[in-house]
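Working notes, structure below.
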Amino acid sequence: ASSFHSDALFVQNLKNQIKSVEETLDRLLDAHLDSTITSEEYIGKKQKLLNQKIDFSEKLKAFERKGNRWLELSRQFILDSNQAIIIASEENLEAKRDFLKKIGSNPRLASRSLLLDFKNPWAILSETSVASLCDAPHFGENGDSIFWLRDLESNQNYCFQRAVSCR
């Protein structure tokens, strides 16, 4: 939510800057038409303001092209969290090390356990206990998985295996 809020502020700030430049251009034109400034001064200042407006507009367009950044980050987080299960079950120590670097910092050993300071969004996931996931019902009254809105999930054994392995 904080990232979304800062993104919205960034977009609003760019729009305000564009509007401010447009208002300044209007005042500059009025000053030129009133012969308050010379044509040379008008042309020089107008070009400078137009360059600023173009710069702000390009930044806004570039940001809007990447506007679904939060969605892509969420997608990548889900894929990475699923990859964690695979990496943990493998014997590849380098892959484990690289994954741990990605999700946290300050690794340390205490009582034969590895401790990490998790980065966001991994901190949220680390606070979710496996027991709470296992205690939650995985199937509704009619036997359908409650994790999905549709009748069947593409990997139909996944929820069942997860429910069985937790018990």
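Heads up, the sequence shown is in the working numbering, so the first residue is 1 and it goes up one at a time. Beta carbons: idealized from backbone N, C-alpha and C, even for Gly.
- In this structure Phe10 is exposed. Its beta-carbon is surrounded by fewer than 16 other beta-carbon atoms within 10 angstroms.
- Residue pairing from DSSP places Gly104 in a beta bridge opposite Phe118.
- Approximately 13 angstroms separates the beta-carbon atoms of Lys59 and Val21; this is outside 8 angstroms, ruling out the contact.
- With contacts defined by Cβ atoms closer than 8 angstroms, Lys48 and Leu25 do not form a contacting pair.
- 8 angstroms or more divides the Cβ of Leu93 from the Cβ of Pro107.
- Under the three-state reduction of DSSP, Ser113 is assigned to strand.
- Of all alpha-carbon atoms in His5, Ile37, Asn51, Ala31, the one lying nearest the alpha-carbon of Gln17 is that of Asn51.
- With distances taken between CA atoms, Ala62 lies nearest to Asp7 out of Asp7, Ile37, Glu41.
- Excluding residues up to 5 positions away in sequence, Ile87 lie with their Cβ nearer than 7 angstroms to the Cβ of Ala95 in the same chain.
- Cβ-Cβ distances below 6 angstroms link Ala31 to Ile37 in the same chain, with the five nearest sequence neighbours on each side left out; the list follows chain order.
- In this structure Ser89 does not touch Leu125 by the C-beta definition: roughly 18 angstroms separates them, more than the 8 angstroms allowed.
- Comparing alpha carbon positions, the residue from Arg112, Leu14, Arg27 closest to Glu64 is Leu14.
- When DSSP states are grouped into helix, strand and coil, Ile37 belongs to the coil group.
- Looking at Lys19, Pro121, Arg27, Phe56, the one whose alpha-carbon comes closest to that of Arg75 is Pro121.
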